[in-house]
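Every number in our numbering is 1488 more than the matching position in the sequence shown, counting from 1. Even for Gly, the Cβ is constructed at its ideal location relative to N, Cα and C. First up is the structure itself, then whatever we jot down about it.
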Amino acid sequence: MPSPAQPAPVTPTPVTPVPTKPAPVRGPLLIQVRVNFPALVAGKKVAVPWVQTLTIPSERAAALRQRAVVTQSLQADLDAFLKPLAQPRDARFEQQPDGQWVVLQRNGLKVDAEATRTALAQLLRGERSGAVNVVVTGQVAPKRTLDFFASRGVTTFLATGATSYAGSSEARIKNIHVGAANFRDRLFEGRTFSFNQFVGPITTRNGYVTGLVIAGEQTVNGVGGGICQVSTTAFRTLYGAGLPIVQRQNHSYQVFYYDPHGLDAAIYQPQLDLKFANDTGGALWFQTEWDDRQATLAITVFGQARDFQVQVDAPRTLKTTPAPKDRLIFDASLSKGERKQVDWAAPGATIEVTRRFVRGGQTFKQDTLRSVYRPWPNIFRVGTKG
């Protein structure tokens, strides 16, 4: 009997996978400049990496990726980002994230704009990932290069002095700006630093305006009111750098702008000056920064490397004297009964500050700064007119 026929084997139909779209790229769009700039680190010339980033926020970046083209507005942003980078910037000291100060020479950058635009378009179309690196083809050196500092031995951070001018009037702030600008990226070569010579005449011709100044027994209006904010900041800078004091006078009374007290320096041209002996053996380089939002002023000084450190102790108040009773000054320019406060009370005090010179962890020298402040009353002008 014949065997029953066997069913033919069934060949399974291959399943064609459904193509999946790549996951959309999310997040901001980053356009970066990555270069190495010449730098002076601890007196040695090196190349340090430098990065600048243009960040397009995520929402706008998503819309640009959807269009997949370099739009006119994106090109405008790219041009605005690159334009300042083309200008070389004079070498100066810059503080790094680790706190170290180095001389950085920010050369002007030559950029291949077309190649950069092509790379940006590829990123928007999804043909590449990550950030877009601007195509840099060359660098142009500024007028002031590393050699300016290296040839003078100015390679080392010495000290920073800082003060707060919170509560200052517009006129006082204006004078602080004018005075402090004299310390912006400026070289001093000489044996004796004189504040008055360094800043020049304090006159309206040089940009100063009328503000409050301490004159004798009261505070009055005078050209350059507020310049002592700058002299006090400069004093703290050079005192912290360890330079010997040649001439320094504290204010008559404790001015609240100059807290902590005992570290201020009054100047009044031409009689009263602030002077230090430059015993560093070379030039000094000053840089200054101010921030009106925080009301802070800082002056930093650089010079030759020294084989010791300077430590400034906190001020010590030896004795105090209570502020006297309020003082009234009758003023015919004010209406009768009108009362205007022109000065604020401050106790008298004797304050000392010790400065230590340390080498190898050991103090080998120290000096003491002594300031004597008179007690000061509230002062009111009282009108008598009419």
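Proximity below 8 Å, CB of residue i to CB of residue j
{"i": "L1552", "j": "L1517", "result": "yes"}
{"i": "P1863", "j": "T1809", "result": "yes"}
{"i": "R1827", "j": "F1868", "result": "yes"}
{"i": "F1676", "j": "A1771", "result": "yes"}
{"i": "G1791", "j": "L1570", "result": "no"}
{"i": "L1634", "j": "Q1583", "result": "no"}
{"i": "G1699", "j": "G1688", "result": "no"}
{"i": "I1839", "j": "G1730", "result": "no"}
{"i": "A1568", "j": "P1630", "result": "no"}
{"i": "L1816", "j": "V1870", "result": "yes"}
{"i": "Q1735", "j": "K1763", "result": "yes"}
{"i": "N1766", "j": "R1679", "result": "yes"}
{"i": "G1649", "j": "I1787", "result": "yes"}
{"i": "Y1745", "j": "S1657", "result": "no"}
{"i": "T1720", "j": "A1753", "result": "yes"}
{"i": "R1674", "j": "F1581", "result": "no"}
{"i": "V1599", "j": "V1624", "result": "yes"}
Helix, strand or coil at residue i according to DSSP, with G and I counted as helix
{"i": "D1780", "result": "coil"}
{"i": "F1796", "result": "coil"}
{"i": "R1616", "result": "coil"}
{"i": "P1572", "result": "helix"}
{"i": "E1826", "result": "coil"}
{"i": "N1663", "result": "helix"}
{"i": "Y1741", "result": "coil"}
{"i": "L1562", "result": "helix"}
{"i": "S1859", "result": "strand"}
{"i": "Q1593", "result": "strand"}
{"i": "A1650", "result": "strand"}
{"i": "Q1685", "result": "helix"}
{"i": "L1726", "result": "helix"}
{"i": "Y1746", "result": "helix"}
{"i": "I1755", "result": "coil"}
{"i": "T1633", "result": "coil"}
Cα-Cα separation between residue i and residue j, rounded to whole angstroms
{"i": "R1858", "j": "Q1782", "result": "30 Å"}
{"i": "G1667", "j": "R1555", "result": "53 Å"}
{"i": "F1723", "j": "G1710", "result": "22 Å"}
{"i": "Q1829", "j": "K1813", "result": "14 Å"}
{"i": "V1521", "j": "T1856", "result": "50 Å"}
{"i": "Y1727", "j": "A1638", "result": "24 Å"}
{"i": "I1602", "j": "V1534", "result": "Reading the sequence as shown, one finds Glu at residue 1602 and not Ile. Near 31 Å, if we compare the C-alpha coordinates of V1534 and E1602."}
{"i": "W1832", "j": "S1740", "result": "13 Å"}
{"i": "D1801", "j": "K1853", "result": "14 Å"}
{"i": "S1821", "j": "G1874", "result": "10 Å"}
{"i": "R1804", "j": "R1843", "result": "12 Å"}
{"i": "D1761", "j": "S1682", "result": "7 Å"}
{"i": "T1644", "j": "G1655", "result": "34 Å"}
{"i": "F1818", "j": "T1872", "result": "7 Å"}
{"i": "I1690", "j": "Y1756", "result": "9 Å"}
Expected contact under 8 Å - CB spacing of residue i and residue j to nearest Å
{"i": "I1664", "j": "Q1742", "result": "Rounded, the Cβ-Cβ distance is 19 Å, inconsistent with contact."}
{"i": "V1590", "j": "V1642", "result": "Rounded, the Cβ-Cβ distance is 12 Å, inconsistent with contact."}
{"i": "L1597", "j": "L1612", "result": "With 8 Å as the limit, L1597 and L1612 do not qualify as a contact, their Cβ atoms being about 23 Å apart."}
{"i": "R1660", "j": "T1776", "result": "About 17 Å separates the two Cβ atoms, so there is no contact after all."}
{"i": "P1576", "j": "V1628", "result": "5 Å"}
{"i": "V1789", "j": "F1845", "result": "Rounded, the Cβ-Cβ distance is 17 Å, inconsistent with contact."}
Point to revise | Segment contact flag, the stretch 1612-1622 with the stretch 1680-1698, C-beta cutoff 8 Å, min 3 pairs | key: Not touching, per the Cβ criterion.
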